[in-house]
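Residue numbers (our numbering): 940 to 1324. These notes concern the structure reproduced below.
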Ligand code: GUN
Ligand code: FE
């Protein structure tokens, strides 16, 4: 076989970053509106912004900026929340497809507990729009796939969850949502759904929570946050093979708390990193790597000394092979893995000594070289730039 050969000289070459959780419509207010906790933040800033995506001209303007920046960065694959709007979600998927990046994109479902303009009229309308959306995009793109996206339990009636179960069974598509992110949210879920012993059980009840051996289904599922998951909830995630998207920047910004990542790693839970823009201020998974290390240190120091801080190699694993597993054989240069790669030029960082490759990688990530140092990027063997 005759394959091209490139010489990137002394550059660093390593697997692309995986973002298991990001909100494309919130990209417009990233780095702003950082003064509230989750539920107030949603009502005051997030819902009013997401309302605007009814207008396709606005959606196009905003989503172009999002996609352009995702393309430039170190992320090769991502799980993306759009809004509840069908047409704007299709538009976002078309733009993502043109970028060459690989993604799951979800039209959000939400039929209660949001602003009048954003909430969907009824469970039936939400389901109808979801059918229309899936039929428009399923199998249409090579790199961009639909993912079922109930916003979270507070925003979804029982009837809607029941209809989403049917839709999931009909199409077999994966699921993404939020789980046990903040104390206020969890209290609210307890009040709305007293019949469920823990939050995750409310998703599991509708077979939207990973594998279910009882009915022999395997729904690939990723849940963002899991900051406050109970032992029972963690046990079920483990049993069902549910992925955790750990989003440390968001958990700090919204003062949600610190997810016990050492505990999850010890248990062998499936975990990757998420930026959770705009809860997180930046789409940089380099930043998520360093944040995840730093918050694990605070957890160990201030919360529980049984759980040692995670180290750089573990956080790098989460950002690549950990999250990559959601996409298949992804996140490593081992044979039979899909080739996602970042070529990074760190020659701008001078040093009085000769550094080894591992030292250079750690330094480039801590010093945010994804902002200016990316020289080339490959996704599944295709060169993006
Ligand atoms: N829970 C429900 N919706 C959201 C959202 O948009 N961001 C975050 N961080 N949590 C949520
Ligand atoms: Fe989120």
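Positions of the beta carbon are idealized from the N, C-alpha and C atoms, including for glycine.
Residue i beta carbon near ligand 2 (any heavy atom closer than 7 Å)
{"i": "residue 1185", "result": "no"}
{"i": "residue 1241", "result": "no"}
{"i": "residue 979", "result": "no"}
Residue j beta carbon less than 8 Å from that of residue i
{"i": "residue 1259", "j": "residue 1267", "result": "no"}
{"i": "residue 1013", "j": "residue 964", "result": "no"}
{"i": "residue 1318", "j": "residue 1039", "result": "yes"}
{"i": "residue 1225", "j": "residue 1304", "result": "yes"}
{"i": "residue 967", "j": "residue 975", "result": "no"}
{"i": "residue 911", "j": "residue 1173", "result": "This structure cannot speak to residue 911, because the chain is shown only from 940 to 1324."}
{"i": "residue 1195", "j": "residue 1134", "result": "no"}
{"i": "residue 1116", "j": "residue 1049", "result": "no"}
{"i": "residue 1254", "j": "residue 1221", "result": "no"}
{"i": "residue 1042", "j": "residue 1083", "result": "yes"}
{"i": "residue 1309", "j": "residue 1223", "result": "yes"}
{"i": "residue 1044", "j": "residue 1085", "result": "yes"}
{"i": "residue 1090", "j": "residue 1158", "result": "no"}
{"i": "residue 1062", "j": "residue 1088", "result": "no"}
{"i": "residue 1123", "j": "residue 977", "result": "yes"}
{"i": "residue 1149", "j": "residue 1118", "result": "no"}
{"i": "residue 1101", "j": "residue 1137", "result": "no"}
{"i": "residue 1092", "j": "residue 1132", "result": "yes"}
{"i": "residue 1035", "j": "residue 1064", "result": "no"}
Extent of the continuous alpha helix (DSSP H) run through residue i
{"i": "residue 1185", "result": "It is not in any alpha helix (DSSP H) - residue 1185 instead sits in the beta strand (DSSP E) that spans 1182-1185."}
{"i": "residue 1002", "result": "995-1011"}
{"i": "residue 1031", "result": "1025-1038"}
{"i": "residue 1071", "result": "1062-1076"}
{"i": "residue 1229", "result": "1224-1241"}
{"i": "residue 897", "result": "What the structure shows of the chain is the stretch from 940 to 1324, and residue 897 is not part of that stretch, so it cannot be assessed."}
{"i": "residue 1090", "result": "Unbroken run through residue 1090: none, as it is neither H nor E."}
{"i": "residue 1108", "result": "1097-1110"}
{"i": "residue 1249", "result": "Looking at the DSSP string, residue 1249 is not in any alpha helix (DSSP H), and its letter there is neither H nor E."}
{"i": "residue 1056", "result": "It is not in any alpha helix (DSSP H) - residue 1056 carries neither H nor E in the DSSP assignment."}
{"i": "residue 1298", "result": "1296-1305"}
{"i": "residue 969", "result": "First-last for residue 969: undefined, no H or E at that position."}
{"i": "residue 1179", "result": "1170-1179"}
Distance cut-off 7 Å: residue i Cβ against heavy atoms of ligand 1
{"i": "residue 985", "result": "yes"}
{"i": "residue 1120", "result": "yes"}
{"i": "residue 1090", "result": "yes"}
{"i": "residue 1193", "result": "yes"}
{"i": "residue 1189", "result": "yes"}
Residue of the options minimising C-alpha distance to residue i
{"i": "residue 1077", "options": "1155, 1112, 1063", "result": "1112"}
{"i": "residue 1300", "options": "1152, 954, 941", "result": "954"}
{"i": "residue 1262", "options": "942, 1006, 1018", "result": "1018"}
{"i": "residue 1127", "options": "1094, 1149, 1109", "result": "1094"}
{"i": "residue 1160", "options": "1203, 1097, 1122, 1211", "result": "1211"}
{"i": "residue 973", "options": "1198, 1188, 1235, 1089", "result": "1188"}
{"i": "residue 1277", "options": "971, 997, 1200, 1321", "result": "1321"}
{"i": "residue 1340", "options": "1179, 1245, 1157", "result": "This structure cannot speak to residue 1340, because the chain is shown only from 940 to 1324."}
{"i": "residue 1208", "options": "1239, 1176, 1185, 1223", "result": "1176"}
{"i": "residue 1282", "options": "1316, 1099, 1053", "result": "1316"}
{"i": "residue 1024", "options": "990, 1183, 1280", "result": "990"}
{"i": "residue 994", "options": "1031, 1087, 960, 1123", "result": "1031"}
{"i": "residue 1106", "options": "962, 943, 1147, 1037", "result": "1147"}
{"i": "residue 1191", "options": "1237, 1180, 1179, 1155", "result": "1237"}
{"i": "residue 959", "options": "1216, 1150, 942", "result": "1216"}
{"i": "residue 969", "options": "1063, 1229, 1004", "result": "1004"}
{"i": "residue 1332", "options": "1284, 1206, 1307, 1129", "result": "As displayed, the chain neither begins before 940 nor continues past 1324, which places residue 1332 out of reach and without an answer."}
{"i": "residue 1028", "options": "1164, 992, 1060, 940", "result": "992"}
{"i": "residue 1295", "options": "942, 946, 1033, 951", "result": "951"}
{"i": "residue 962", "options": "1010, 1008, 1021", "result": "1021"}
{"i": "residue 1312", "options": "971, 940, 1011", "result": "1011"}
{"i": "residue 1218", "options": "1109, 1205, 1186", "result": "1186"}
{"i": "residue 1152", "options": "945, 1179, 1142", "result": "1179"}
Closer than 7 Å: residue i CB and nearest ligand 3 heavy atom
{"i": "residue 1183", "result": "Ligand 3 is not part of this structure, which contains only ligand 1 and ligand 2."}
Range covered by the beta strand (DSSP E) that runs through residue i
{"i": "residue 956", "result": "956-962"}
{"i": "residue 1314", "result": "1313-1318"}
{"i": "residue 1042", "result": "1041-1045"}
{"i": "residue 1157", "result": "1156-1158"}
{"i": "residue 941", "result": "That residue, residue 941, is in no beta strand (DSSP E); it is neither H nor E in DSSP."}
{"i": "residue 1118", "result": "1114-1118"}
{"i": "residue 1129", "result": "No beta strand (DSSP E) holds residue 1129; the alpha helix (DSSP H) holding it covers 1122-1131."}
When a residue counts only if its C-beta is closer than 6 Å to some heavy atom of ligand 2, which residues count, in chain order? Answer in sequence order: 960, 962, 1117, 1163, 1215, 1218.
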